[in-house]
Amino acid sequence: MSQPAVQLASPPEATLSPEVFRRAEALGVTLLRLRDGGEARALTASGRVVEAIVASSLFSGALRREWSSLTAAPGTVRELWPGVRVASLRPGPGRLAVHPPVPKKLYAVLLLGPELTESEQFHGVCGEAGLDRGAAAAEAQGDSTVSAGEAHRLALTLSWMCEDDGNLHRRGGELQGLSLELADTYEELSLLYKLASSLRVKASPETVLRDACEELHQVIGFRWLALSLVNDPRLNDVSGQTICLHVGDFDPDEMDAAADALMQRYPDLHSPMIVDRAGEIALPGVESLGQNFLIIPMRLDDGVLGVMFGADRLDGDLISSVDAKLCESLAGSLTIYLENHMLYDDAHSMFLGTLHALTAAIDAKDSYTHGHSERVALLARMLAEQVGLGHQVCERVYLSGLVHDVGKIGVPEAVLCKPGRLTADEFGLIKLHPQIGANIIRDIRQMEDLVPGVLYHHEKYDGGGYPTGRAAEEIPLFGRLIGLADAFDAMSSDRTYRKAMKLEDVLAEVTRCAGTQFDPELAAAFVQMDFAPFDRLIRKHERMRRAA
Ligand SMILES: [Fe+2]
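12 is the number of the first residue of the sequence shown in our numbering; add one for each residue after it.
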C-alpha cells in the first residue's frame, strides 16, 4: 500500500517498576497479578500461607465475584473473607491496546488481617493445600497483618505510588520519543546546513547535486538514490540528467529507464509518496531495482523540474515519514538552488551579450579594428591565466578587456578612422578615451572593478604613457595586462597605415619593450603563451569582416 507520511506509535505497556516491588517487600505486603477469570499469582516473595490462599479455589471464586468492584477504581479495598483483603493498584498490560470496557488484568496488593486465622475459610484453605491448621495459623501470625483501617490507608498509599510510577514511566517513554525526534531533527538540520554551505550559484550544478545526494545517501543509507531532471534548456549541463548513487551492481541504463518511467508515472505528484511494494507501481523493470520506494517531486511554479527517488533502506527498515521529510527538505533546497542558478545564468548571459554588443558597436566605427576588443579580452585573460591568477580574477580581466576602448564612443569618427598621420590636437582627442571610458562604467556597480583596465591600458611601464603617466607597479595590474594585450593585437592585425606584423616579430618587439613599455614579468610570461586561440579568433573576425 502507498502510505502517507504519518506513523502511529505502539501503545505503551503498563508494567510495575522494580522500585514498586522493592517498596512492597519493605512494607511486608504481597503484590499480585490477577485475571478476570479468577487466576492469581504472587509477584513478590511470600510464605506458605499466602501461597495457599492465592492458589485456593475460594480465592479464585471470590475474585470473580469482586472483579467489577476491584476494577472500579485503583486503591479500592475489597474484603474477600475475614482477614483477606485485596486492593487494585492499576490495570495491567493489554488494557491500552484493546480498550475493553473492564480491564482483563490487574496489579493488586494482598493485605492480611489478624482475624484471618479465626475464619472458617482459613480452615478450608488449609485443607485444600494440605497444611496443618495449627502450624499454618502460627505462621500466619508471624506474617505482617494490618487492620481494616490500616489496609485502606496502605492501599491508597500504594495505589498513589503506582500512579506516580506509571506517570514517570510514561514520561520516560515520551522523553525517549522526543530524544529520537530530536536526533532525527539534528540529522536533518545538519544535512541542510552542509547543503546550504555548498549551494553556491557559481559551483557547477552537477557538483552541487551530486554532493547533496551523497550527503543524503550517507545519512539515510538507501540501496540506491537517484535525482532525475527533466529536459529543459534552462538547466544547461544538467538538463535531462540522472544522478544516481547505489550500493551493489545496477545497470545504469536500467536505472535511467526506471527513473524516466517513474517520472512519467507520477507527473502530477505534489508531495512525497512512499510505496511499500514495487508491484503496486506496476512498471516493467522497477521491481529489479527494489521494493520500497520514496518518490519526491521537485516542482517549480510552472511545472516539474525533476524527481528524487530512494529505494530500500540498507538497514532493512521501511522508508519512514522522517526519511520522507528529510528528503523533501533537501529536494526543496535543490529546487530553489536550480531555480536561482537558471536566473543567474539568464542574467549573466544578458550581461555578457550586452557587453559584446557594446564593444562590437565601438569596433564597428573602424572596420580595421573589427573584433579588436574581443581579441584583447581573450589575450588579457590568457596572460592572467599564464601568470597564475585565480579563475574569478581572470574572468574580470576578460570583461575589462572587452570594454577597454568603450571611451572611443566619445571620440569623433573622423579622428578615429583618419588614414594618415594625426595632428597633435587629434591625438589629444584620442588620448581622452581611457578617461571617457572610465567615466562611463564607473557608476555601474557590476563593472566598477573593471575601471583600472579601462583607465590605465595606455600607461607605459617607464611612465611615458597616458592619461596619468604612472610607472611600474603604480599602474594597476588590470591596466598592465590589458595594455600588453592591446599592443600585441595592434601589431598583429592590419591597420590603415601598415600590414599585420609576423608573430615572431611581434614577440621580439614585446621582449624588446619589456621594462620600457611593458611590465617585464608579464612580457616574459606573454611570449611563452600558445597563440592558437588568438589565431582562431583572428580568422573568425576576418570571415565576419568579409561577410559584412
Ligand atoms: Fe585603447
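Where a beta carbon is used, it is the ideal one built from N, C-alpha and C, also for glycine. Here the structure is a predicted model, which is why all the values come from computation and not from measurement.
Do you know how far the Cα of Val136 is from the Cα of Ala37?
The sequence position of residue 37 within the sequence shown is 26, counting from 1. The sequence position of residue 136 within the sequence shown is 125, counting from 1. If you take the alpha carbons of Ala37 and Val136, they lie about 26 Å apart.
For the beta strand (DSSP E) containing Asp323, list its first residue and its last residue.
Position 312 of the sequence shown holds residue 323. Segment 314-324, the beta strand (DSSP E) holding Asp323.
Taking the C-alpha atoms as reference points, what is the distance between Arg52 and Ala194?
The count along the sequence shown starts at 1 and reaches residue 52 at position 41. The count along the sequence shown starts at 1 and reaches residue 194 at position 183. Straight-line Cα distance between these residues: approximately 41 Å.
Could you tell me which residues DSSP puts in a beta bridge with Leu121?
Position 110 of the sequence shown holds residue 121. Answer by DSSP bridge pairing, in chain order: Thr41, Val97.
Evaluate contact between the region 373-390 and the region 493-508, counting only Cβ atoms and requiring at least three cross-stretch pairs below 8 Å.
yes
Alpha carbons only, please: which of Ala525, Glu265, Leu294, Val286 is nearest the one belonging to Arg276?
As a position in the sequence shown, residue 276 is number 265, starting the count at 1. Of the residues Ala525, Glu265, Leu294, Val286, the one whose Cα lies closest to the Cα of Arg276 is Leu294.
Do the region 483-494 and the region 393-411 make contact, defined as three or more Cβ pairs closer than 8 Å?
Yes, they touch.
Answer yes or no: the CB of His257 versus the heavy atoms of ligand 1, is any distance below 8 Å?
Counting from one through the sequence shown, the residue named residue 257 turns up at place 246. His257 Cβ: outside cutoff for every heavy atom of ligand 1.
Taking all protein chains shown into account, decide if Ser67 is buried (16 or more other Cβ within 10 angstroms of its Cβ) or exposed.
Counting from one through the sequence shown, the residue named residue 67 turns up at place 56. So Ser67 ends up on the buried side.
Is His281 near ligand 1 - that is, is its Cβ less than 8 Å away from at least one heavy atom of it?
Your numbering for residue 281 matches position 270 in the sequence shown. No, the beta carbon of His281 sits no closer than 8 Å to any heavy atom of ligand 1.
With C-beta atoms as the reference, is Asp323 less than 9 Å away from Trp235?
As a working mapping, residue 323 is identified with position 312 in the sequence shown. As a working mapping, residue 235 is identified with position 224 in the sequence shown. Result yes, Cβ atoms of Asp323 and Trp235 sit closer than 9 Å.
Answer with buried or exposed for Val65, where buried requires no fewer than 16 other C-beta atoms within 10 angstroms of its C-beta.
Within the sequence shown, numbered from 1, the residue matching residue 65 stands at position 54. Val65 comes out buried.
For Val462, tell me which candidate among Leu100, Asp416, Glu90, Leu311 has the shortest Cα-Cα distance.
Position 451 of the sequence shown, counting from 1, holds the residue named residue 462. Selected option, being the one with the closest Cα: Asp416.
Does the distance from the CB of Leu220 to the CB of Val249 come in under 9 Å?
Your numbering for residue 220 matches position 209 in the sequence shown. Your numbering for residue 249 matches position 238 in the sequence shown. Yes, the pair counts as a contact, with Cβ atoms nearer than the cut-off.
To which residues does DSSP link Thr253 through a beta bridge?
Taking the first residue of the sequence shown as position 1, residue 253 is located at position 242. Answer is Ser239, bridged to Thr253.
In chain order, what residues of the same chain lie with their CB nearer than 8 Å to the CB of Asp143, ignoring the 5 residues before and after it?
For the purposes of this step, residue 143 is taken as residue 132 along the sequence shown, with counting starting at 1. Short of 8 Å from the beta carbon of Asp143, and not among the five residues preceding or following it, lie these beta carbons of its own chain, in chain order: Cys137.
List the endpoints of the continuous alpha helix (DSSP H) containing Arg557.
By 1-based counting over the sequence shown, the position of residue 557 is 546. Taken as a continuous stretch (DSSP letters only), the alpha helix (DSSP H) holding Arg557 covers 543-558.
Near Leu413, what residues of its chain come up, given a Cβ to Cβ distance below 6 Å and the 5 sequence neighbours on each side ignored?
Your numbering for residue 413 matches position 402 in the sequence shown. Correct list, in chain order: Leu366, Thr370, Ser384, Ala388.
Near Pro544, which residues of its chain fall below 6 Å by C-beta distance, leaving aside the five closest residues on each side in sequence?
Sequence index remark: in the sequence shown, residue 544 carries index 533 (1-based). Around Pro544: no qualifying Cβ.
Between the region 357-365 and the region 503-518, do at least 3 Cβ pairs fall closer than 8 Å?
They do not touch, by the three-pair rule.
Check whether the Cβ atoms of Ala237 and Leu256 lie closer than 9 Å to each other.
Indexing the sequence shown from 1 puts residue 237 at position 226. Indexing the sequence shown from 1 puts residue 256 at position 245. For Ala237 and Leu256, yes; Cβs fall inside 9 Å.
Please determine, among Ala511, Gln252, Ala534, Asp260, the residue with the shortest C-alpha to C-alpha distance to Leu316.
The residue given as residue 316 occupies position 305 in the sequence shown. In this structure, Gln252 is the residue among Ala511, Gln252, Ala534, Asp260 with its C-alpha nearest to the C-alpha of Leu316.
DSSP three-state label for Ile373, please.
The residue given as residue 373 occupies position 362 in the sequence shown. Of the three classes helix, strand and coil, the one that applies to Ile373 here is helix, per DSSP.
Under the three-state reduction of DSSP, which class applies to Ala525: helix, strand or coil?
Position 514 of the sequence shown, counted from the first residue, corresponds to residue 525. In the structure shown, Ala525 sits in a strand (DSSP, three-state: E or B).
Where does Met309 fall in DSSP's three states?
The sequence position of residue 309 within the sequence shown is 298, counting from 1. In this structure, Met309 counts as strand in the three-state DSSP scheme.
Tell me whether the beta-carbon of Thr522 lies closer than 9 Å to the beta-carbon of Ala535.
As a working note, residue 522 is residue 511 in the sequence shown. As a working note, residue 535 is residue 524 in the sequence shown. Yes, these two residues count as a Cβ contact at 9 Å.
Nearer than 8 Å: is that true of the beta carbon of His228 relative to any heavy atom of ligand 1?
On the sequence shown, residue 228 is found 217 positions in, with the first residue counted as 1. No.
Can you find at least 3 beta carbon pairs, one from the region 159-176 and one from the region 113-125, that sit closer than 8 Å?
Contact holds: three or more Cβ-Cβ distances are below 8 Å.
Rounded to whole angstroms, what's the CA-CA distance from His469 to Val426? Just pull it up for me.
In the sequence shown, the residue the question calls residue 469 occupies position 458. In the sequence shown, the residue the question calls residue 426 occupies position 415. Using only the alpha carbons, I get a separation of about 18 Å.
Please return the same chain residues whose Cβ sits closer than 8 Å to the Cβ of Glu520, not counting the five positions on each side in sequence.
Translated into the one-based positions of the sequence shown, residue 520 becomes position 509. Cβ within range, chain order: Met502, Met512.
For His352, is the classification buried or exposed, using 16 other Cβ atoms within 10 angstroms of its Cβ as the cut-off for buried?
Within the sequence shown, the letter at position 341 stands for residue 352. It counts as buried.
So, helix, strand or coil for Phe362, using DSSP?
As a position in the sequence shown, residue 362 is number 351, starting the count at 1. Residue state, collapsed to three classes: helix.
Please give me, in chain order, every unbroken run of the alpha helix (DSSP H) with length at least 4 that falls completely inside the region 388-454.
402-413, 424-427, 435-441, 444-453
Just how far apart, CA to CA, sit Val404 and Gly464?
Position 393 of the sequence shown, counted from the start, is the residue given in the question as residue 404. Position 453 of the sequence shown, counted from the start, is the residue given in the question as residue 464. Distance between the alpha carbons of Val404 and Gly464: 12 Å.
For a test of the three-state rule: what should DSSP assign to Ile231, helix, strand or coil?
As a position in the sequence shown, residue 231 is number 220, starting the count at 1. Residue state, collapsed to three classes: helix.
According to the neighbour-count rule (16 or more other Cβ atoms, all chains shown, within 10 Å of its Cβ), is Asn242 buried or exposed?
Taking the first residue of the sequence shown as position 1, residue 242 is located at position 231. So Asn242 ends up on the exposed side.
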